[in-house]
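Be aware that the sequence shown starts at 43, since it is given in the working numbering, and climbs by one per residue.
Just so you know, even glycine gets a beta-carbon here, dropped at the ideal spot from N, CA and C.
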Amino acid sequence: MALELSGKLIKKMSEVTGTGRNGTNWIKQEFVLETQDQYPKKVCMSVWGDKTQDLAPIQEGEIVKVQFNVESREYNERWYTEIRAYRLDRSGASAPAPAQDNAGWAPSAPASAPATAAPANNFPPLAAESGDDLPF
Numbered sequence: 043m044a045l046e047l048s049g050k051l052i053k054k055m056s057e058v059t060g061t062g063r064n065g066t067n068w069i070k071q072e073f074v075l076e077t078q079d080q081y082p083k084k085v086c087m088s089v090w091g092d093k094t095q096d097l098a099p100i101q102e103g104e105i106v107k108v109q110f111n112v113e114s115r116e117y118n119e120r121w122y123t124e125i126r127a128y129r130l131d132r133s134g135a136s137a138p139a140p141a142q143d144n145a146g147w148a149p150s151a152p153a154s155a156p157a158t159a160a161p162a163n164n165f166p167p168l169a170a171e172s173g174d175d176l177p178f
């Protein structure tokens, strides 16, 4: 499952390192984005391994587009969910975020689409409109 979210980077936590059960070293860094919606939401995400280098040059306050996966795992009959970012794109410190619905998960419209265009209606007409009352 690949998702995308744009927002302002409001906090970068310090890097965390460790050694796995199989003896390999790992590195992780968490950061917080704030969406640019009517009702902004804060989302904590993490980057792992060499992706921590992609986060390093990004300053707090910059607008960032993040592609990420959501992953859950069980431990002692409890579930833990993590948002793992795998791509970070800087949009610039003062660039406006693309318009999104209240949940912040809407796909962005193409840049060439006019702002006043009505959304395309690809649904068949309702039974009352078509004169056919059969549901299939």
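Based on Cα-Cα distance, which residue from the options lies nearest to residue i?
i	options	result
Y81	G49, T66, I105	G49
K70	T77, Q95, I105	Q95
L130	T66, E72, Y117	E72
S56	N67, L97, T77	L97
E46	T66, T77, N67	T77
Y128	N67, V108, T66	V108
Identify, in the order they occur along the chain, each residue of the same chain with its Cβ nearer than 8 Å to the Cβ of residue i, setting aside the five sequence neighbours on each side.
i	result
N64	none
G62	W68
V106	S48, G49, K50, L51, L75, I100, L130, D131, R132, S133
So, for residue i: in the same chain, excluding its five sequence neighbours on each side, which residues have a beta-carbon less than 7 Å away from its beta-carbon?
i	result
E126	Going by the sequence as given, residue 126 is Arg instead of Glu. Excluding sequence neighbours, R126 sits near S88, W90, F110, N111, E113.
Within the same chain, show all residues whose beta-carbon is closer than 6 Å to that of residue i, passing over the 5 residues directly before and after it, in chain order.
i	result
V74	I52, K53, K84, C86
T59	I69
Let me know the alpha helix (DSSP H) ranges lying completely inside the segment 66-101, each 4 residues or longer, listed in chain order.
94-97
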